[in-house]
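K.L.:
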Amino acid sequence: MELATFWRLLVMMMLHPGLSDIYALIIIAAIMMMNVWVLVSAAPSSAQEWRLSLSQLPVVGPLFTYLMNHTWVQLSLKMLVAATFLLIMAAGVFGTQIASKNVATVLTWNIWWTCIVFIVFFVGTSWCGICPWDTFSNLITRQKIWLRSKNRFRLNITVPKKFRNVWLAFAFFLFFTWLEIGFGLTEDPFNTAMLCLFISILAVAGMLFYEDRAFCRYACPVGRTIGFYSQLSPVELRAVDSNVCKDCKSLACYHGTDTVQNCTSNLVVGTMKESTYCTSCGNCTKSCPEQNISWRLRPISSEAKLDARPHMDESIFIIGLLSTTMFHAFTMLPVWEPLLLGVHEFFGSVLPIIFSFTLILIAFIATPIAIFWVFAKLTQIVWQYQAEQDAKKSNAILVNTKRDLSIAKLFSGFAFTALPLAFFYHLAHNLNHLMRENTDFIELLGNPFGFFAKPLNMTEKHEQMMSLVIPQDVVAVVQTVLMVIGFWITIQVIRYRGYKLYQATG
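By this note's numbering, the letter at position 459 of the sequence shown is numbered 454, and the numbering carries on one by one without gaps.
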């Protein structure tokens, strides 16, 4: 089959209807009202918002404490997820290559990758605590899952300073997006299994050669996506009583104990303000002698508004999340095929069509980053002018505010505004997948390898796509609500981040 023909068939299978005009108008009207509210509202407060420790709740508090300080629940989930992961790889290699009849593609793309964004919102980075790649890495290199190991079968090389960032994770994220959409990975059980195996090899190699969880912190695209999205989650893992941490001499949450491994993310719970790099491994909760670490509730997006510290690599990754989510949705619209084929024909159809796809993907990634940079520059100009005018009015000597108003600082600070947009747009987008790409899961569990299965014809595929679990109008309403919530939280992040940056200029 010619690659161009393959693309046409893939596009036909991927087409999803967008929101109708009425829902789009509702979203636009809501955005306009939010903007008016921002103009007339008072400046936000930078005071810490409320927190509620789950371990201190009546009735259920003791249950949370028990679950956090005993390993059997987490270990059971680790084993279950690891076994499922092995099933996925086996089914992808040895099972049918009909995507809808193979548990590898259905579990990986239709269920796990679709639902993981919803999971992050409710339980933060908890997925990382049961991640199969980490389980296999520990078993192979340490022969332990969470206990401290005396095994020295690791080189423990310190990660070079130039790689202590998320640039590598962002590169992998873009590469996997390129594979997923560019080569129809969601419709390919064998290559889905190969991708899972490839990431497993990376995770094992990272733990074998480097200290702690180098792959998780610096290179895992899934973990970094979860980490950034967790800044919006209403749950966090923190100290119950900060005064207990101030008096702590052992720092067991950081160093571990004789039996419990140290924090492989190098975090001290008593001073931790961000969940981005916490992998919810449970080492700190089990090592704390005072049992002073617990999950707690907080306002949605409080970390993105107040606590998260901006860095350039993280900012690019966050904007990249928004760009790739928009790109995913764009490839499911009717305009996608004419654009792709038009770019392909522009180059005389000499180069492979994947080249045209790559150019469009790069443009989608680069354009929002460039737009953010331009607006950071405009903000710098306006604020610099305002600072000069204020200095003239007060007859004060103008301090070098250009240093405080650097484009890099403004860009990285305001990049957090892309996070709620990306997250809630991602939720709305994945909801469509979840409702449309349904399959007979009971039948699939009975025959996970899809032996003797027959493929659906185009009519049956269309009927399956149109047979939603809930009515289309309900899906549209929920998507509209999610988009409005995303814009509302974005407005909040802009207010808090903007006020904080403006205060920093004096």
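All C-beta atoms, glycine included, are put in the ideal place defined by N, C-alpha and C.
#1: Does residue 329 pass the burial test, meaning 16 or more other C-beta atoms within 10 Å, or should it be called exposed?
#2: Do you know offhand how far residue 235's Cα is from residue 112's?
#3: Among 482, 140, 444, 117, which has the Cα closest to the Cα of residue 254?
#4: Could you give the DSSP three-state label for residue 496: helix, strand or coil?
#5: What would DSSP say about residue 37, mapped onto helix, strand or coil?
#6: Quick one: measure Cβ to Cβ for residue 259 and residue 208, integer angstroms, because I've assumed they're closer than 8 angstroms.
#7: Going by the beta-carbon positions, is the gap between residue 48 and residue 119 smaller than 7 angstroms?
#8: For residue 272, name the three-state secondary structure that DSSP assigns.
#9: Return the chain-ordered list of same chain residues with a C-beta closer than 8 angstroms to the C-beta of residue 545, the five sequence neighbours on each side being excluded.
#10: Under three-state DSSP, which class holds residue 50?
#11: I believe residue 379 touches residue 400 by the beta-carbon criterion, under 8 angstroms. Please report the beta-carbon distance rounded to the nearest angstrom.
#12: Which residue comes first and which comes last in the alpha helix (DSSP H) that contains residue 288?
#13: Along the alpha helix (DSSP H) that carries residue 369, what are the first and last residues, could you check?
#14: Among 223, 176, 476, which one has its Cα closest to the Cα of residue 304?
#15: Within the continuous alpha helix (DSSP H) that includes residue 285, where are the two ends?
#16: Taking all protein chains shown into account, do 16 or more other C-beta atoms lie within 10 angstroms of the C-beta of residue 438, making it buried, or fewer, making it exposed?
#17: According to DSSP, residue 234 sits in a beta bridge with which residue or residues?
#18: Any idea what DSSP makes of residue 264, helix, strand or coil?
#19: Please determine, among 476, 385, 268, 95, the residue with the shortest C-alpha to C-alpha distance to residue 504.
#20: Are residue 256 and residue 287 closer than 7 angstroms when you measure CB to CB?
#21: Taking the alpha carbon of residue 418 as the reference point, which residue from 177, 367, 320, 192 has its own alpha carbon closest?
#22: Can you give me the C-alpha to C-alpha distance between residue 94 and residue 414, rounded to a whole angstrom?
#23: On a CA-only basis, which of 266, 163, 79 is nearest residue 242? Give me that one, please.
#24: For residue 251, I'd like the list of residues in its chain whose CB is within less than 8 angstroms of its CB, leaving aside the five on either flank, ordered along the chain.
#25: From residue 334 to residue 180, what does the alpha carbon distance come to, in whole angstroms?
#26: Using a Cβ-Cβ cut-off of 8 angstroms (strictly less than) and excluding sequence neighbours within five positions of residue 496, which residues of its own chain qualify?
#27: Buried or exposed, going by whether 16 or more other CB atoms sit within 10 Å of the CB of residue 216?
#28: In angstroms with no decimal places, state the Cα-to-Cα distance between residue 206 and residue 200.
#29: Could you give the DSSP three-state label for residue 152: helix, strand or coil?
#30: State the CB to CB distance for the pair residue 161 and residue 127, rounded to an integer number of angstroms; the pair is presumed to be in contact (CB under 8 angstroms).
#31: Roughly how many angstroms lie between the CA atoms of residue 183 and residue 426, to the nearest whole one?
#32: To which residues does DSSP link residue 61 through a beta bridge?
P.N.:
On the basis of the coordinates in this document:
#1: exposed
#2: 27 angstroms
#3: 140
#4: helix
#5: coil
#6: 4 angstroms
#7: no
#8: coil
#9: Nothing about residue 545 can be read from this structure; the chain reaches only from -4 to 501.
#10: helix
#11: 6 angstroms
#12: It is not in any alpha helix (DSSP H) - residue 288 instead sits in the beta strand (DSSP E) that spans 288 to 292.
#13: 348 to 388
#14: 223
#15: It is not in any alpha helix (DSSP H) - residue 285 carries neither H nor E in the DSSP assignment.
#16: exposed
#17: 288
#18: helix
#19: With the chain running from -4 to 501 in the structure shown, residue 504 is simply not present.
#20: no
#21: 320
#22: 32 angstroms
#23: 266
#24: 143, 257, 258, 278, 282
#25: 21 angstroms
#26: 404, 405, 408, 409
#27: buried
#28: 11 angstroms
#29: strand
#30: That pair is no contact at about 22 angstroms.
#31: 22 angstroms
#32: Note: residue 61 sits in no beta bridge, so no partner.
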